[in-house]
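Chains as they are written, first to last, in the numbering used here: chain H, 1 to 260; chain Z, 261 to 608. What follows is a set of notes on a single structure, which appears directly below.
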């Protein structure tokens, strides 16, 4: 009886999750009347604006990942090594983007960095792109920090650092050759989540008026019937591909097995 | 002048003074052990030599140069840790060559030194393995090779055998000592295991509450303990309270038996130490016999550890297990034979 109830709950859960996806994919394939076709996908992929926004978001995602890595890995390392008492405070700060809506953050940015401010970042394309990248890094901070911190927890940071130092390594060498390679899987997990967040982000890109994939999705949704569903399917596949990559990287990492 | 000198070293963590006026001179090629219970400050001293802790006061010189202000990576010191601390992302060969690579040595030199070091530790065929593919003993050998590869001036060993099982510990401690002698490298070894310290060291520093209680050869430490703590910590020791009958000649009364120590004493009572192996069952050829009653018999295989009550004081002693002798029974009256010269007068 208990088993049957468990199966029933599982079935309901899967249905709740899968049914809308099936509906979305099915509708995206229904552009041609009476038969399933990839017409909507072909139209989307042929759209130069799709290619432009998609490549822009991919580029911004990569930039955000690199920036996030350089920000989070040394920070998490330093907090773990030298300021363990500050960990709850740093964790709280990294969680703030989850409770402060993106629209609040971006309005803050615009207010602080507009053309009449002391640092007029919104006055140039480069400055606005940088601002957007910082915004993306802020949004992905909770995931990136947690991933890296969890990775650091699996190694003996203090002893490895001291071992490297006793062999003549300075801080940069310790980070680049000892710490980073050992938390690379964790960094990549954070990176893939960051990638997925950036690819779907709408608020910041729209309010900073940047040609990103999120606003393009919204634009298509407001004006076309089938194409938005094709786009949503593509975005969904990208996200799941990222999740799959996390699993693959973890599995194929040579040295991540625990020491005996 | 000594190769490594530690003078008036102090370390406090907040209000806690964990190392107090620590002094030590180590000759080149000497193997020194810092021995003491947990929290006695031995690891803190080692970490200050390595540069991982900054002394609150004092000086550390290596080959005449003051190193206190140098960062750990500038001290040319090799260190082996209790937890191995091999870099999990690097192979054994890469681990061993890490220090040389950091120093910018040419690839050919690194390869030849790595080969030499792996041969030295007896693992020449394991260069391509990752640390997780090695046993604990093999990992610690690799850690030793890694520490030695850049040819450090001083080798520091922070309880490197503690995480290993008993058999591996014994074989590895012999290997470490052999390698240390072969290379003639000045070594400081931290341990809480007295057997390790006594068997491996040229000299032992017994530490207690941040102070070096006694510095001496293993023979001196064991046979002539300078303080009550050293006497109790190193080896098993029976302590006997004696009444001083004549302070100038050292005539004392132990449980109703007069013993002449042939040394001057102070005070009306004295605490005497007696190693179990210096006591025999029956007086035999010994100059002193104490009357006692057996209170405990522990069969330990090759030896039998006995405990006897002597005038209200307990004395543990060992007798060899032979098939021809029956061990005494509980409550049996016995005579414990000992020589007065084997009694240690224990100071504070």
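Glycine included, every Cβ here is placed at the ideal spot set by N, Cα and C.
Can you pull the chain H neighbours of residue i, defined as C-beta to C-beta under 9 angstroms?
| i | result |
| --- | --- |
| residue 276/Z | Simply none; closest approach about 17 angstroms. |
| residue 410/Z | 167, 168 |
In chain Z, which residues lie with their C-beta within 8 angstroms of the C-beta of residue i?
| i | result |
| --- | --- |
| residue 156/H | 343, 345 |
| residue 162/H | 310, 312, 332, 339, 341, 345 |
| residue 173/H | 362 |
What residues of chain H sit near residue i, judged by a beta carbon separation below 7 angstroms?
| i | result |
| --- | --- |
| residue 371/Z | Under the 7 angstroms cutoff, chain H gives no residues; its nearest Cβ is about 17 angstroms from residue 371/Z. |
| residue 434/Z | Neighbours of residue 434/Z on chain H: none; closest Cβ ~23 angstroms, over 7 angstroms. |
| residue 359/Z | 167, 168 |
At a CB-CB cut-off below 9 angstroms, which residues of chain Z make contact with residue i?
| i | result |
| --- | --- |
| residue 105/H | Residues of chain Z passing the Cβ test: none, with the nearest at roughly 36 angstroms. |
| residue 159/H | 341, 342, 343, 344, 345 |
| residue 209/H | Here the premise fails: no neighbours, minimum Cβ distance about 43 angstroms. |
| residue 178/H | 347, 349, 350, 358 |
Note the first and the last residue of the continuous alpha helix (DSSP H) segment covering residue i.
| i | result |
| --- | --- |
| residue 30/H | No alpha helix (DSSP H) contains residue 30/H, which DSSP labels as neither H nor E. |
| residue 256/Z | There is no way to answer for residue 256/Z, as the model of chain Z reaches only from 261 to 608. |
| residue 87/H | 87-99 |
| residue 108/H | 102-113 |
Can you name the residues that DSSP bridges to residue i?
| i | result |
| --- | --- |
| residue 548/Z | 598/Z |
| residue 339/Z | 416/Z |
| residue 266/Z | 284/Z, 320/Z |
| residue 565/Z | 558/Z, 578/Z |
| residue 271/Z | 279/Z |
| residue 294/Z | 450/Z, 465/Z |
| residue 570/Z | 573/Z |
| residue 540/Z | 597/Z |
| residue 325/Z | 322/Z |
| residue 553/Z | 569/Z, 593/Z |
Do residue j and residue i count as a contact pair if the criterion is CB distance below 8 angstroms?
| i | j | result |
| --- | --- | --- |
| residue 148/H | residue 73/H | yes |
| residue 337/Z | residue 317/Z | no |
| residue 405/Z | residue 377/Z | yes |
| residue 402/Z | residue 436/Z | no |
| residue 464/Z | residue 439/Z | no |
| residue 213/H | residue 70/H | no |
| residue 105/H | residue 154/H | no |
| residue 408/Z | residue 443/Z | yes |
| residue 226/H | residue 27/H | yes |
| residue 477/Z | residue 295/Z | no |
| residue 64/H | residue 198/H | yes |
| residue 498/Z | residue 458/Z | no |
| residue 196/H | residue 217/H | no |
| residue 142/H | residue 94/H | yes |
| residue 556/Z | residue 564/Z | no |
| residue 386/Z | residue 400/Z | no |
| residue 599/Z | residue 531/Z | no |
| residue 109/H | residue 60/H | no |
| residue 359/Z | residue 168/H | yes |
| residue 447/Z | residue 292/Z | yes |
| residue 189/H | residue 246/H | yes |
In chain Z, which residues lie less than 7 angstroms from residue i when you measure between Cβ atoms?
| i | result |
| --- | --- |
| residue 165/H | 332, 333 |
| residue 151/H | Correct list: empty, because the minimum Cβ distance to chain Z is about 12 angstroms. |
| residue 169/H | 333, 362 |
Nearer than 7 angstroms: is that true of the beta carbon of residue i relative to any heavy atom of the ligand PLP?
| i | result |
| --- | --- |
| residue 581/Z | Only the bare structure without any ligand can be found here, which leaves the ligand PLP out of the picture. |
Determine the extent of the beta strand (DSSP E) in which residue i is found, giving its start and end residues.
| i | result |
| --- | --- |
| residue 65/H | Careful: residue 65/H lies outside any beta strand (DSSP E), inside the alpha helix (DSSP H) at 48-82. |
| residue 606/Z | Element bounds for residue 606/Z: n/a, residue is neither H nor E. |
Does any CB atom of chain C fall closer than 8 angstroms to the CB of residue i?
| i | result |
| --- | --- |
| residue 532/Z | Among the protein chains in the structure shown, which are H and Z, there is no chain C. |
What alpha helix (DSSP H) runs, 4 residues minimum, are completely inside the segment 458-533 of chain Z? 478-483, 488-493
Tell me the start and end of each unbroken alpha helix (DSSP H) in the segment 381-440 of chain Z that is at least 4 residues and wholly inside, in chain order. 396-408
Run through the segment 138-162 of chain H for me and flag every whole beta strand (DSSP E) of 3 or more residues, listed as ranges in chain order. none
Give the list of continuous alpha helix (DSSP H) stretches no shorter than 4 residues that lie fully inside the segment 349-382 of chain Z. 352-362, 367-380
Segments assigned alpha helix (DSSP H), at least 4 residues, entirely inside the segment 153-233 of chain H: 157-166, 184-200, 203-207, 213-223
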